[in-house]
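Written out below as structure tokens is the structure these notes cover.
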Amino acid sequence: MYTMFMSSAYIIVNKSQNKPDIEAILKLTAGNDYKFHNKPESNPDLISIDLEEDKKSIGIAAVKQGIKFLAERPFQEKNRILFIFNADKLTVEAQNSLLKTLEEPPEQTLIFLISRSAGALLDTINSRCRKLVFADNKDVLIPNNENNLI
């Protein structure tokens, strides 16, 4: 298996009804040899942001927390890893705050935006990320192309 480790930022379009598995995403993007020292839930080098139950969107404060997390060096893993689930619910301000980090990501970082549709994100976000589609345990690489919004 080859490694698709060309970019440090990915949009994962989730066509499945299930939440994609963090470890499966890492194996697909970073290669089968990517192993965690701890489970994702207790890993000090991984943070995930998700839509809070009583909210309709993910705001800039949550994204800034993720960006600050990425600025630190990895503690025990190869990379600091940020997952943003329901990225299609990011406010425009939150998406804009991510742009600088996507343009010039800190070394040893991986960023995953999990969304129902890449088209729900700003064009500037789409142009800085590789796209991958998850659909019922099948994965397909979609070329990073501005005209190919899923």
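In terms of this note's numbering, the sequence shown is residues 3 to 152.
No residue lacks a Cβ here, since even glycine has one placed at the ideal position from N, Cα and C.
Cβ-based burial, residue i [other Cβ within 10 Å; buried from 16]
i: Met8; result: Note that Met8 scores a pLDDT of 42, beneath 50, so its modelled location is shaky; the value from the coordinates is reported in the next line. With fewer than 16 other Cβ atoms within 10 Å, it is exposed.
i: Gly68; result: buried
i: Tyr4; result: Here the model assigns Tyr4 a pLDDT of 34, short of 50, so the residue's position is not dependable and the matter cannot be decided.
i: Lys21; result: exposed
i: Ala73; result: exposed
i: Lys58; result: exposed
Residues of its chain near residue i, where Cβ-Cβ distance is below 6 Å and the 5 sequence neighbours each way are ignored
i: Gln97; result: Leu124, Ile127
i: Ala137; result: Lys17, Ser18
i: Ile51; result: Ala64, Gly68, Ile86
i: Pro46; result: Phe77
Alpha-carbon spacing of residue i relative to residue j, whole angstroms
i: Ile24; j: Cys131; result: 18 Å
i: His39; j: Leu48; result: 11 Å
i: Ile83; j: Pro76; result: 9 Å
i: Val65; j: Leu101; result: 11 Å
i: Glu95; j: Phe71; result: 19 Å
i: Pro42; j: Gln78; result: 12 Å
i: Pro107; j: Ile13; result: 15 Å
i: Ala26; j: Glu54; result: 24 Å
i: Ser44; j: Ile60; result: 22 Å
Closest Cα partner of residue i within the set the options
i: Asp56; options: Lys91, Ser117, Arg75, Lys133; result: Lys91
i: Ala122; options: Ile69, Thr93, Phe71; result: Thr93
i: Ser119; options: Gly33, Leu53, Ala32, Asn88; result: Asn88
Check whether residue i and residue j have beta carbons under 8 Å apart
i: Leu104; j: Ile113; result: yes
i: Ile62; j: Ser99; result: yes
Proximal residues to residue i (C-beta, below 7 Å), its chain only, five neighbours per side dropped
i: Lys80; result: Gln110
Residues near residue i in its chain [Cβ-Cβ closer than 8 Å; skip 5 each side]
i: Val15; result: Ser117, Arg118, Ser119, Ala120, Lys133, Leu134, Val135, Phe136, Ile144, Ile152
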